[in-house]
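The numbering of the sequence shown is my numbering, which starts it at 4 and goes up by one.
First the structure, in the form of structure tokens, and then the observations on it.
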Amino acid sequence: MARTALILHGGAGARRERNYDAEVVHMRQVVEAMKARLDAGASAVDVAVEAVVMLEDSGLYVAGRGASPNLAGAYELDASLMDGASGKAGAVAALQGFRNPVVAARAVMDRTPHVMLAGEGAALFAHDQGLEPIGDEEAWFTRAGKGEDNHPPGGLSHGTVGCCVLDSEGRLAAATSTAGVFGKMPGRVGDTPIPAAGTWADDSAAVSCTGQGEYFIRVAAAARTAFGVAAGQSLAEAAQATIDRIGGLGGDGGLIALDREGNIAQPYNSQGMKRAWLTTDGEIGVQVFDQ
């Protein structure tokens with residue numbers, strides 16, 4: 004039986020002048036809850052989804068309840084997940100009206116022949132699946148990123164949540180969820196719901212990305228990292244090379260990654276990245292900025 008591990012993130016949009024005590028406490032709570040699930044034998048894909056649901060529901064991050072509206076005033080949410088053991092993936096893009104986009108993405112993976120549903124089609128599917136709708140949007144959404152404008156005027160400020168998991172059977176999985184960049188155009192879709200760009204899991208590594216999604220799409224960031232591991236790079240080398248490539252193009256953000264040995268990587272080129280982890284030795288860590 005393999006030793007379990009996980010790493011999660013609450014976005015690479017952290018600013019040093021802002022206090023993140025609430026996020027630090029919450030991320031630790033999520034890791035503790037998921038450790039109990041892993042200890043009980045839960046699968047990597049179940050834990051990845053459950054962790055992201057907790058992050059979405061908290062209203063502390065730019066995903067799920069923490070979303071801000073696009074330029075037209077609509078809340079369009081994206082999410083994806085990938086099961087490394089089966090190679091299956093599910094995603095929703097520009098989903099409106101439902102509480103947990105990652106749950107909708109899981110339903111796409113499990114209950115359709117497709118990988119991604121978008122816009123009105125995603126909402127109709129979520130309704131047909133009996134997923135939980137949002138009643139009063141103005142009362143529900145917290146606009147968590149409103150004080151976290153993490154890029155110069157004209158740039159792409161961002162926020163995302165995600166989780167990578169190694170379970171007791173040695174299986175890897177990853178899930179990612181976001182409300183996208185702040186002030187985005189209606190219909191804009193970033194890397195989060197795109198397997199290979201924002202999320203990836205196979206038998207080498209699991210990866211979840213956060214940042215300016217346009218750049219992560221252009222380099223297939225999540226898959227690039229896992230393919231580097233499969234080609235013989237260490238997880239740390241592969242993950243850093245991906246972020247260096249994004250930085251070279253002018254983008255910022257970060258990623259979390261986990262390999263089948265339980266090694267963890269968490270590179271970023273922004274001011275900070277909210278993240279927490281569980282090592283194979285059972286130790287829990289939480290960090291926002293490098294010391």
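C-beta: ideal position from N, C-alpha, C; glycine also.
#1: What three-state label does DSSP hand Ile137 in the structure shown?
#2: What's the C-alpha gap between Asn272 and Gly250?
#3: Starting from the Cα of Gln243, find the closest Cα among Gly253, Arg68, Arg18 and Leu258 and give me that residue.
#4: Nearest to Gly67 by alpha carbon, out of Leu120, Thr195 and Ala5?
#5: So, for Ala126: in the same chain, excluding its five sequence neighbours on each side, which residues have a beta-carbon less than 8 Å away from its beta-carbon?
#6: Assuming Ala279 contacts Leu80 under a Cβ cut-off of 8 Å, what Cβ separation, rounded to an integer in Å, is found between them?
#7: What is the rounded straight-line gap between the Cα of Ala15 and the Cα of Thr179?
#8: Relative to the alpha-carbon of Ala96, which residue among Ala88, Leu120 and Val106 has its alpha-carbon at the smallest distance?
#9: What residue from Trp143, Asp205, Ala142 and Ala108 has the CA that sits closest to Arg263's CA?
#10: Just to confirm, is the Cβ distance from Leu84 to Ala51 under 8 Å?
#11: Who pairs with Asp262 in a beta bridge, going by DSSP?
#12: For a minimum of 4 consecutive residues, which ranges assigned as the alpha helix (DSSP H) are wholly contained in the segment 81-142?
#13: Considering only the alpha carbon of each residue, which of Ala208, Ala223 and Arg19 lies closest to Gln215?
#14: Looking only at its own chain, which residues have a Cβ that is under 7 Å from the Cβ of Val3, when we skip the five neighbours before and after it?
#15: Thr228 and Thr1 - do their beta-carbons sit closer together than 8 Å?
#16: Put Met188 into one of helix, strand or coil per three-state DSSP.
#17: For Val291, does the three-state DSSP call read helix, strand or coil?
#18: Tell me the DSSP secondary structure of Ser61 in three-state form.
#19: Measure the C-alpha to C-alpha separation of Asp284 and Thr7 and round it to an integer number of angstroms.
#20: Applying the 10 Å Cβ sphere with the 16-neighbour rule, what's the burial state of Glu59?
#21: Beta-carbon within less than 7 Å of Gly295's beta-carbon, same chain only, minus the 5 sequence neighbours each way: which residues are those?
#22: By Cβ distance, which residues of its chain are closer than 6 Å to Gly165, with the 5 residues on each side in sequence left out?
#23: Alpha carbon to alpha carbon, how far is Met57 from Met37?
#24: Based on the DSSP output, what are the partners of Ala176 in its beta bridges?
#25: Quick one: what's got a C-beta closer than 7 Å to Pro156's C-beta in the same chain, skipping five residues either side?
Taking the geometry as given:
#1: If you number the sequence shown from 1, residue 137 lands on position 134. In this structure, Ile137 counts as coil in the three-state DSSP scheme.
#2: Here residue 272 refers to the residue found at position 269 when the sequence shown is read from its first residue. Here residue 250 refers to the residue found at position 247 when the sequence shown is read from its first residue. About 7 Å.
#3: Residue 243 sits at position 240 when you count from the first residue of the sequence shown. Nearest option by C-alpha distance: Leu258.
#4: Looking up residue 67 in the sequence shown gives position 64. Ranking Leu120, Thr195 and Ala5 by Cα distance to Gly67 puts Thr195 first.
#5: Walking along the sequence shown from the start, residue 126 turns up at place 123. Leu98, Gln99, Gly100 and Phe101.
#6: Position 276 of the sequence shown, counting from 1, holds the residue named residue 279. Position 77 of the sequence shown, counting from 1, holds the residue named residue 80. 22 Å between Cβ atoms; not a contact.
#7: Mapped onto the sequence shown, residue 15 falls at position 12. Mapped onto the sequence shown, residue 179 falls at position 176. C-alpha separation (whole angstroms): 13 Å.
#8: The sequence position of residue 96 within the sequence shown is 93, counting from 1. It is Leu120.
#9: Taking the sequence shown and counting its residues from 1, one reaches residue 263 at position 260. Ranking Trp143, Asp205, Ala142 and Ala108 by Cα distance to Arg263 puts Asp205 first.
#10: Here residue 84 is taken as the residue at index 81 of the sequence shown, counted from 1. Here residue 51 is taken as the residue at index 48 of the sequence shown, counted from 1. Taking 8 Å as the Cβ cut-off, Leu84 and Ala51 qualify as a contacting pair.
#11: Taking the sequence shown and counting its residues from 1, the one referred to as residue 262 is at position 259. BP columns for Asp262 point to Ala208.
#12: 104-114 and 122-131
#13: For the purposes of this step, residue 215 is identified with residue 212 of the sequence shown, where counting begins at 1. The shortest Cα separation from Gln215 among Ala208, Ala223 and Arg19 belongs to Ala223.
#14: Any question about residue 3 goes unanswered here, given that the chain covers just 4 to 294.
#15: The structure shown does not extend to residue 1, since the chain is modelled only from 4 through 294, so no value can be given for it.
#16: Residue numbering aside, residue 188 sits at position 185 when the sequence shown is read from its first letter. If DSSP states are grouped into helix, strand and coil, Met188 belongs with coil.
#17: As a first step, residue 291 must be located in the sequence shown, where it is residue number 288. Coil, per DSSP.
#18: Residue 61 sits at position 58 when you count from the first residue of the sequence shown. DSSP places Ser61 in helix when its eight states are reduced to three.
#19: One-based indexing of the sequence shown puts residue 284 at position 281. One-based indexing of the sequence shown puts residue 7 at position 4. Each residue's Cα considered, the two are about 8 Å apart.
#20: The residue given as residue 59 occupies position 56 in the sequence shown. Buried is the call here.
#21: Residue 295 lies beyond the stretch modelled for the chain, which goes from 4 to 294, so this question has no answer here.
#22: Against the sequence shown, residue 165 aligns to sequence position 162. These residues qualify, in order along the chain: His12, Thr179 and Ser211.
#23: Reading the sequence shown from its first residue, position 54 is the one you call residue 57. Reading the sequence shown from its first residue, position 34 is the one you call residue 37. Rounded to the nearest angstrom, the two C-alpha atoms are 10 Å apart.
#24: On the sequence shown, residue 176 is found 173 positions in, with the first residue counted as 1. Asp86 and Val168.
#25: For the purposes of this step, residue 156 is taken as the residue at position 153 of the sequence shown. Caution applies to Pro156, whose pLDDT of 46 falls short of 50 and renders its modelled position unreliable; the value that the coordinates give is listed next. Cβ neighbours of Pro156 beyond the five flanking positions: none.
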